[in-house]
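Residue numbers (the working numbering): 126 to 183.
Idealized CB from N, CA, C, for every residue including glycine.
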Amino acid sequence: MSFPSIGEAIRNLSQWGVTVLAEDAPHEPRSGNAAREQFPWKRAWHTLLEHLRLELTR
């Protein structure tokens, strides 16, 4: 993300153990349905499953 505050927030969240799926360019306003197809669903599911796996192995 190019806006400094957003980048800092993402770094802080990452340090706190939060995974943020952020891309460089957000979709245009009111283009949600079209943008939904571009969302990295596979990456999101893999990230979720990895978090669950790590929790179960603690």
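### Query
Would a C-beta distance cut-off of 8 Å place threonine 144 and histidine 171 closer than the cut-off?
Cβ distance not < 8 Å, so threonine 144 and histidine 171 don't count as in contact.
#### Entry: Contact check, arginine 178 vs leucine 146, beta carbons under 8 Å
In this structure, arginine 178 sits away from leucine 146, with a CB-CB distance that is not shorter than 8 Å.
### Query
What is the rounded straight-line gap between the Cα of leucine 174 and the Cα of arginine 155?
Rounded to whole angstroms, the gap between the alpha carbons of leucine 174 and arginine 155 is 30 Å.
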